[in-house]
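Taking it in order: structure first as structure tokens, then the write-up.
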DNA sequence: TCGTCATTTCCATGATCCTTGAATGATCGG
DNA sequence: CCGATCATTCAAGGATCATGGAAATGACGA
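Residue numbers (the UniProt record's numbering), protein chains in the order written: chain R, 1 to 129; chain F, 1 to 129.
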């Protein structure tokens, strides 16, 4: 759940390349179903060999998963890996500094996507302050 | 407040290098006061010229700020830049996907560092469900 | 088994990055 | 103004990475 420094370095390196960042975006919107390697190659507009290189890079970095489905290989976003990277950035890297985490949590709440159930119930029923 | 794709690429690239990641960590714990370039060089154990190279890289990427103080140049973590990167990772990159944001917000809440005031009051006083 | 399709691996080229010592700048005390 | 201090810039080396065509692999259908 929590990333080692080396894992974080690999993940940051993987995301620091335009083609790979676009691939991650495309696969996140594609959802847990994912999409075949060829479709990713078409989506980002690179030849198959380049796509394969970058997809392998992202998978090594723990940002994607892959599974074979008959003749195709389906790549999908690794949501756990992505959230672990967010967690690393906030906690390990930034020591949970409020100036970093608060705006992030704010942004997150504004997107109304992700307030954790534990926090909601704890706040609605404050047993232990 | 929100990062362009190019800015995010630069920031990820900046954090994908061990020396630079250690520099950011050191400067985050150093607080808003920051520390002189020489102290950062000593903290991460690299010669002055390497330190200067990496500090400039991090500043270009929007992760650090610098100011001159007599003979020294003080570097400090750019908390706004760091939180913007977290925001980019959650929203632009991952489309605010709950599977990414929820665990992150969870982690954040567990560290009890950063629940935004807006969310707390809104939950304590639910006017519009 | 053969041919086809989807993907990966191989390989060579070019680009980018990291490192360090030496040179250059900027600032202050005397 | 001079020397000392703290930091950046320059230049050259070595390392790593990105690209894309060609060949190889693996899976499927006829």
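Heads up, the beta-carbon is just placed ideally off N, CA and C, and yes, glycines get one too.
Item                                                                                                                                                                       : Value
DSSP on residue 35/F, reduced to helix/strand/coil?                                                                                                                        : strand
Checking contacts by CB at 7 Å: is residue 34/F closer than that to chain R?                                                                                               : no
Taking 7 Å as the CB-CB cut-off, is residue 104/F touching chain R?                                                                                                        : yes
What's the C-alpha gap between residue 60/R and residue 29/F?                                                                                                              : 30 Å
Taking Cβ positions only, does residue 97/F come closer than 7 Å to chain R?                                                                                               : yes
Pick out whichever of 21/R, 4/R and 6/R has its Cα sitting closest to the Cα of residue 12/F.                                                                              : 21/R
Grab the span of the beta strand (DSSP E) containing residue 91/R for me, first residue to last.                                                                           : Run containing residue 91/R: none; DSSP gives neither H nor E here.
Note down, in chain order, each residue of its chain lying with its Cβ closer than 6 Å to the Cβ of residue 67/F, except the 5 sequence neighbours on either side.         : 74
Between 58/F, 106/F and 51/F, which has its C-alpha nearest residue 77/F's C-alpha?                                                                                        : 58/F
Please list the terminal residues of the continuous alpha helix (DSSP H) segment that includes residue 19/R.                                                               : 18-30
Under 9 Å Cβ-Cβ, which residues of chain R neighbour residue 28/F?                                                                                                         : 93, 94, 95, 97 and 100
For a contact defined as C-beta to C-beta under 7 Å, what are the partners of residue 86/R on chain F?                                                                     : 86, 89, 90, 100 and 104
Go ahead and label residue 62/R buried or exposed: buried means 16 or more other beta carbons lie within 10 angstroms of its beta carbon, across all protein chains shown. : buried
What I want to know is whether the C-beta of residue 59/F ends up closer than 6 Å to one or more non-hydrogen atoms of the ligand ATP.                                     : In the structure shown, the ligand ATP is absent, as is every other ligand, since no ligand is present at all.
Does the distance from the C-beta atom of residue 145/F to that of residue 103/R stay below 7 Å?                                                                           : The structure shown does not extend to residue 145/F, since chain F spans only 1 to 129, so no value can be given for it.
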